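Right, one structure below, let's go through it.
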Amino acid sequence: MTETAIIGGTGLTSLNGLEIVRREVVNTPYGEPSGPLIHGELQEHRVVFLPRHGSGHTIPPHKINYRANIWALKSIGVEKVIAVNAVGGIAPEYAPGKLAFPDQIIDYTWSRINTYFEEGLTDVVHIDFTHPYCEELRALLIWAAGEAGLESVHSGTYGATQGPRLETAAEIDRMERDGCHMVGMTGMPEAALARELDLCYAACAVVANWAAGRGSGEGISMGLIKQHLREGMQQVCRLLGEVVPHL
Ligand code: HPA
Numbered sequence: 120m121t122e123t124a125i126i127g128g129t130g131l132t133s134l135n136g137l138e139i140v141r142r143e144v145v146n147t148p149y150g151e152p153s154g155p156l157i158h159g160e161l162q163e164h165r166v167v168f169l170p171r172h173g174s175g176h177t178i179p180p181h182k183i184n185y186r187a188n189i190w191a192l193k194s195i196g197v198e199k200v201i202a203v204n205a206v207g208g209i210a211p212e213y214a215p216g217k218l219a220f221p222d223q224i225i226d227y228t229w230s231r232i233n234t235y236f237e238e239g240l241t242d243v244v245h246i247d248f249t250h251p252y253c254e255e256l257r258a259l260l261i262w263a264a265g266e267a268g269l270e271s272v273h274s275g276t277y278g279a280t281q282g283p284r285l286e287t288a289a290e291i292d293r294m295e296r297d298g299c300h301m302v303g304m305t306g307m308p309e310a311a312l313a314r315e316l317d318l319c320y321a322a323c324a325v326v327a328n329w330a331a332g333r334g335s336g337e338g339i340s341m342g343l344i345k346q347h348l349r350e351g352m353q354q355v356c357r358l359l360g361e362v363v364p365h366l
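Residues are numbered in my numbering as their position in the sequence shown, beginning at 1, plus a constant of 119.
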């Protein structure tokens with residue numbers, strides 16, 4: 120049984136060093152996941168990889184079937200999920216190219232289906248989401264980043280926006296006042312759904328750019344985002360190589 124999954128985000132549609140063993144198509148009661156689950160070995164350890172935007176990076180953040188993705192992983196026996204998310208840096212320490220391990224979330228998304236508990240219930244369900252990430256897995260990721268010699272930020276609040284457009288400078292100002300340190304479009308409802316299915320879920324955020332109105336204050340260049348993500352994802356691969364043997 121493969122117990123650990125890696126959900127890849129923008130810039131991580133394939134995983135360097137993953138020896139692919141097989142691809143598995145999983146049907147779920149919630150429709151199709153972003154693609155087949157990719158079973159493989161990383162450092163001789165079994166993992167399953169799922170690129171959340173699809174293998175061709177064609178599914179935008181608001182169209183991802185988060186419920187099907189998380190359900191598919193749970194249904195094959197996954198217990199731990201490492202989610203990789205590209206983000207914009209709001210606070211000064213969250214500079215492009217850095218890794219960050221968020222410990223809190225503020226959800227600004229709307230109209231996304233965000234629960235498994237809505238039909239056929241015998242009673243309403245409210246999960247505890249005080250601490251949205253699995254602290255044990257988060258601590259392991261932080262440790263592994265140190266072992267791999269990677270510069271990272273060990274906490275922070277992830278603001279999840281609806282997308283697909285980037286934010287205005289005023290929206291980022293508001294998010295900063297709310298306490299957000301980074302902004303991304305895919306952190307929710309993924310984390311909440313993982314908690315609903317009792318998965319141990321933690322995120323590794325890769326800072327791709329300064330958020331709108333931060334840094335030089337000029338517009339956000341897709342070319343620069345891609346460059347930072349390329350560098351960031353190399354770090355993610357080193358991190359995963361370090362962490363996987365300890366899961
Ligand atoms: N905003 C939202 N999502 C993002 C950003 C951003 O600036 N950069 C990468 N993902």
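All C-beta atoms, glycine included, are put in the ideal place defined by N, C-alpha and C. Just so it is clear, the structure is predicted and the values come from calculations on it, not from any experiment.
(request) Specify which residues have a beta carbon nearer than 7 Å to any heavy atom of the ligand HPA, listing them in chain order. (result) 129, 205, 206, 207, 280, 282, 285, 286, 302, 303, 304, 327, 328, 330, 331, 339, 344
(message) I'd like to confirm the pairing. Which residues does DSSP put opposite residue 301 in its beta bridges?
(response) By 1-based counting over the sequence shown, the position of residue 301 is 182. Bridge partners of residue 301: 208, 277.
(request) Output the boundary residues of the alpha helix (DSSP H) element that contains residue 306. (result) Translated into positions along the sequence shown, residue 306 becomes position 187. DSSP places residue 306 outside any alpha helix (DSSP H), giving it a letter other than H or E.
(request) Below 8 Å CB to CB, which residues in the same chain sit around residue 154 once its five sequence neighbours on both sides are set aside? (result) Reading the sequence shown from its first residue, position 35 is the one you call residue 154. If we look at residue 154 and ignore the five residues flanking it on each side, its Cβ neighbours are 169, 170, 173, 174.
(request) Report buried or exposed for residue 135, applying the criterion of at least 16 other Cβ atoms within 10 angstroms of its Cβ. (result) Translated into the one-based positions of the sequence shown, residue 135 becomes position 16. Per the 10 Å Cβ criterion, exposed.
(message) Would you say the beta carbon of residue 169 is closer than 7 Å to some non-hydrogen atom of the ligand COA?
(response) Here the bound small molecules are the ligand HPA; the ligand COA is not part of this structure.
(request) Identify whether residue 329 lies in helix, strand or coil by the three-state DSSP scheme. (result) As a first step, residue 329 must be located in the sequence shown, where it is residue number 210. If DSSP states are grouped into helix, strand and coil, residue 329 belongs with the strands.
(message) Restricting to Cα atoms, I'd like to know which of 146, 164, 335, 147 is closest to residue 140.
(response) One-based indexing of the sequence shown puts residue 140 at position 21. Nearest of 146, 164, 335, 147 to residue 140, Cα basis: 164.
(request) Look at the Cβ atom of residue 316, then the Cβ atom of residue 182, and state whether they are nearer than 8 Å. (result) Taking the first residue of the sequence shown as position 1, residue 316 is located at position 197. Taking the first residue of the sequence shown as position 1, residue 182 is located at position 63. The answer is no: Cβ separation not under 8 Å.
(message) Suppose contacts are defined by Cβ-Cβ distances below 8 Å. Is residue 203 in contact with residue 319 by that definition?
(response) Within the sequence shown, residue 203 is the residue found at index 84, counting from 1. Within the sequence shown, residue 319 is the residue found at index 200, counting from 1. No, the pair does not count as a contact, with Cβ atoms beyond the cut-off.
(message) Please classify residue 240 as buried or exposed, where buried requires at least 16 other C-beta atoms within 10 Å of its C-beta.
(response) Start at 1 with the first residue of the sequence shown, and residue 240 comes out as number 121. Counting Cβ neighbours within 10 Å, residue 240 comes out exposed, since fewer than 16 surround it.
(request) State the start and end residues of the unbroken beta strand (DSSP E) segment that holds residue 181. (result) As a position in the sequence shown, residue 181 is number 62, starting the count at 1. Here residue 181 belongs to no beta strand (DSSP E), and DSSP marks it neither H nor E.
(request) Return helix, strand or coil for residue 141, following the three-state DSSP convention. (result) On the sequence shown, residue 141 is found 22 positions in, with the first residue counted as 1. If DSSP states are grouped into helix, strand and coil, residue 141 belongs with the strands.
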